[in-house]
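What follows is one structure encoded as structure tokens, with my remarks underneath.
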DNA sequence: TTGTATGCGTTATCAG
DNA sequence: CTGATAACGCATACAA
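Printed below as a string of structure tokens:
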């Protein structure tokens with residue numbers, strides 16, 4: 062009972078182990094009758110091949126690992142759902158691994174690759190802090206998903222699925238400006254951030270300038286510390302900081318929906334009404350942005366498509382393609398009740 | 062480069078493989094000098110032992126698997142965080158596996174056990190639909206976490222960490238009644254539910270009766286269909302159903318915070334104000350219940366403690382304990398602005 | 001303190 | 001179509 066192996070199956074069926082192996086792995090050259098017999102016995106005894114022995118022998122492991130940075134980001138839940146089912150439908154196993162905000166995911170990836178001989182990796186979330194050197198050490202195909210590429214690194218060494226953060230941020234900024242907002246505060250990630258945070262700021266700044274509007278330094282709020290900077294809590298704290306500066310503003314652009322929620326909370330606590338006194342915009346297009354009160358104006362990321370494309374790209378690489386692609390998806394404004402047109 | 066094994070290390074160091082193995086596994090009987098030499102070489106070559114070979118040889122895999130049903134439930138994110146770090150701190154590996162709502166997690170567990178020879182399992186979330194028979198097939202220690210035990214099954218065959226859903230639900234009902242609410246609608250899971258959904262209804266019903274209040278059949282809304290019934294979307298739909306019945310009510314008790322959010326959304330859309338026209342209460346104590354507008358009155362589950370206790374129990378079982386425990390944690394009311402006192 | 005040899009459960013090769 | 005047997009990489013009993 063304790064260990065029940067292929068040998069036991071073979072013995073009980075009166076055949077050799079290789080025959081059993083053939084039955085398990087759907088090899089063509091096996092007598093259908095014997096095969097049926099074996100499979101029935103396997104079913105009866107509830108036998109399952111030892112995966113360690115299997116991967117040891119085959120020196121390959123049909124497994125895709127998803128390394129997720131920020132498991133509390135609801136944006137990823139759909140994606141995981143889709144990715145998992147896509148992976149399983151291709152008869153690959155699926156590993157989900159949470160990476161801490163202070164961990165280097167390439168190191169985690171490297172360990173998994175060496176230890177488990179997996180076939181591919183999806184890096185989900187986090188910001189782009191990888192050096193070209195480190196990316197090159199990854200010996201299996203991988204795709205960066207919802208992680209904006211860095212211009213500093215040769216794009217040919219990695220595949221990425223993302224939106225154009227600069228463009229989408231500009232889109233939102235345009236929208237706010239069209240509503241006559243001129244004094245727009247923005248809640249950002251860390252000052253040193255070179256990824257999502259920086260890109261979204263860039264789109265904001267460009268658009269402001271394009272419209273001849275000045276970006277007031279005092280209305281730019283950077284995050285500090287570690288942990289999940291895109292959280293409600295951080296949005297809440299940043300907004301309190303903003304309010305304490307005493308500067309006038311008519312709109313807040315939070316670079317995530319969750320930050321926007323925290324921001325609205327802080328505003329309400331301070332006795333301000335949204336959108337009557339202040340308009341607040343988010344980014345991501347989470348469900349909660351619709352269900353929040355007021356519903357939040359946001360940029361919707363096409364998560365389903367992005368998840369599917371992530372897997373598609375990954376499998377193309379696994380199947381031998383050697384051209385890394387950077388797929389940029391288009392977001393869209395979802396108008397909520399957290400923003401309003403003010404007098405110009 | 063492609064495959065770099067313990068043999069290569071041994072060869073390059075001019076020692077035998079067993080010596081290398083001893084160095085890796087911190088065996089006592091090894092010359093410190095040789096050990097240092099070997100470890101340096103390992104570092105230099107970035108060698109990592111093949112985990113398949115390892116577990117195959119040892120026929121054991123120091124791994125804990127968490128099978129999570131409902132990855133979008135934020136309640137679980139903290140727990141996973143804590144569980145993962147607790148597990149890793151004990152030098153066990155950690156596997157996270159998402160189980161679909163329509164999947165039988167005991168079957169998934171069984172597969173992992175047989176294939177991967179893991180040491181223990183945490184079932185996180187979902188409802189208790191396991192038969193005693195199936196639970197007994199599980200050959201490794203496991204703990205049901207945040208899953209309310211079923212009275213129908215001999216408690217000695219499994220360990221469980223949970224709150225007392227009946228008691229906590231009663232607690233919330235008491236609270237609403239104290240605010241003079243008499244016509245309370247309740248949003249539930251499926252009618253056939255024998256787990257969380259049923260237990261929370263039971264606490265509600267008992268408390269209503271205790272106070273001589275009648276439970277109006279028309280104010281009980283059951284969910285239908287599959288998928289995540291505790292979601293915002295479902296709360297939204299159930300509330301629309303409730304409203305369409307045209308019955309009078311002054312409060313809604315949603316059995317999850319997310320349902321409560323959906324519920325409030327539906328009420329607002331219908332032109333009702335929360336809490337002025339209708340009070341809404343949730344259950345779970347998610348962060349969002351604080352950040353929502355209005356903040357939501359809810360029952361806080363002590364997730365940190367529960368997560369820690371889950372792992373503690375699991376490891377006690379792994380270490381040889383054979384007494385299954387059912388730890389019941391106490392929740393607490395968190396008063397928000399979604400409920401108010403009405404005239405008695 | 002060290003090296004050699006064996007076997008963990010499986011798949012692949014090759015001879016029947 | 002089938003069965004014996006050799007690997008896969010590692011840990012360990014045993015010999016040195």
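Chains as they are written, first to last, in our numbering: chain F, 62 to 405; chain S, 62 to 405.
Glycine is no exception: its CB is placed at the ideal position from the N, C-alpha and C atoms.
| Asked | Found |
| --- | --- |
| When you check each C-beta in the segment 172-187 of chain S against every C-beta of chain F, which residues fall closer than 8 angstroms? | 172, 175, 176, 177, 178 |
| Quick check on DSSP: helix, strand or coil for residue 209 (chain F)? | coil |
| DSSP three-state call for residue 319 (chain F): helix, strand or coil? | helix |
| Could you tell me the boundaries of the alpha helix (DSSP H) in which residue 146 (chain S) lies? | 135-150 |
| Just how far apart, CA to CA, sit residue 136 (chain F) and residue 89 (chain F)? | 44 angstroms |
| Are the Cβ atoms of residue 184 (chain F) and residue 164 (chain F) separated by less than 8 angstroms? | no |
| For a minimum of 3 consecutive residues, which ranges assigned as the beta strand (DSSP E) are wholly contained in the segment 237-289 of chain F? | 245-251, 281-284 |
| Taking the alpha carbon of residue 145 (chain F) as the reference point, which residue from S:206, S:161, S:147, S:228 has its own alpha carbon closest? | S:161 |
| Tell me the DSSP bridge mates of residue 129 (chain S)? | S:159, S:185 |
| Check whether the Cβ atoms of residue 201 (chain S) and residue 222 (chain S) sit closer than 8 angstroms, and answer yes or no. | no |
| Using 8 angstroms as the limit for Cβ to Cβ distance, is residue 116 (chain F) near chain S? | yes |
| Which stretch, first to last residue, makes up the alpha helix (DSSP H) that contains residue 195 (chain F)? | 193-198 |
| Decide yes or no for the touch test of the segment 309-324 of chain S against the segment 336-351 of chain S: beta carbon pairs closer than 8 angstroms, at least 3 of them. | yes |
| May I have the straight-line CA-CA distance separating residue 392 (chain F) from residue 83 (chain F), to the nearest angstrom? | 49 angstroms |
| Is DSSP giving residue 295 (chain F) helix, strand or coil here? | helix |
| Closest Cβ-Cβ distance between residue 325 (chain F) and chain S: below 8 angstroms? | yes |
| Give a yes or no on whether 8 angstroms exceeds the smallest Cβ distance from residue 67 (chain S) to chain F. | no |
| For residue 217 (chain S), which three-state DSSP category applies? | helix |
| May I have the straight-line CA-CA distance separating residue 257 (chain S) from residue 141 (chain S), to the nearest angstrom? | 20 angstroms |
| Please classify residue 358 (chain S) as buried or exposed, where buried requires at least 16 other C-beta atoms within 10 Å of its C-beta. | buried |
| Which first and last residues belong to the alpha helix (DSSP H) in which residue 377 (chain S) is found? | 364-379 |
| Closer than 8 angstroms by C-beta to residue 62 (chain S): which residues in its own chain qualify, once you throw out the five before and the five after it? Chain order, please. | Reliability fails at residue 62 (chain S), whose pLDDT of 46 lies under 50, so the model's placement of it is uncertain and the value that follows must be treated cautiously. Excluding positions up to five away in sequence, the list is empty. |
| Going by beta-carbon coordinates alone, are residue 268 (chain F) and residue 229 (chain F) separated by less than 8 angstroms? | no |
| Taking a contact to mean a Cβ-Cβ separation below 8 angstroms, would you say residue 301 (chain F) touches residue 327 (chain F) in this structure? | yes |
| What distance in whole Å lies between the Cβ atoms of residue 76 (chain S) and residue 103 (chain S), which are believed to be in contact at a cut-off of 8 angstroms? | No, residue 103 (chain S) and residue 76 (chain S) are not in contact; Cβ-Cβ is about 12 angstroms, not under 8 angstroms. |
| Which partner residues does residue 342 (chain F) have in the DSSP bridge list? | F:314, F:358 |
| Would a check of beta-carbon distances place residue 336 (chain S) closer than 8 angstroms to chain F? | no |
| In chain S, which residues lie less than 7 angstroms from residue 109 (chain F) when you measure between Cβ atoms? | 172, 175, 176 |
| For the candidate residues F:250, F:263, F:207, F:216, whose alpha-carbon lies nearest to that of residue 233 (chain F)? | F:263 |
| Measure the CB-CB distance between residue 399 (chain S) and residue 340 (chain S) and report whether it falls below 8 angstroms. | yes |
| The beta strand (DSSP E) that contains residue 32 (chain S), what's its start and end? | The structure shown has nothing for residue 32 (chain S), since chain S only spans 62 to 405. |
| Can you confirm whether the segment 106-124 of chain S touches the segment 64-75 of chain S when touching is taken to mean that 3 or more C-beta pairs between the two stretches lie within less than 8 angstroms? | yes |
| Please decide whether residue 159 (chain S) counts as near chain F, where near means a Cβ-Cβ distance under 8 angstroms. | yes |
| Beta carbon of residue 369 (chain S), beta carbon of residue 129 (chain S): below 8 angstroms? | no |
| Using CA atoms only, rank isn't needed, just tell me which of S:106, S:246, S:261 is closest to residue 278 (chain S). | S:246 |
| Closest by CA to residue 131 (chain F), which one among F:206, F:153, F:403? | F:206 |
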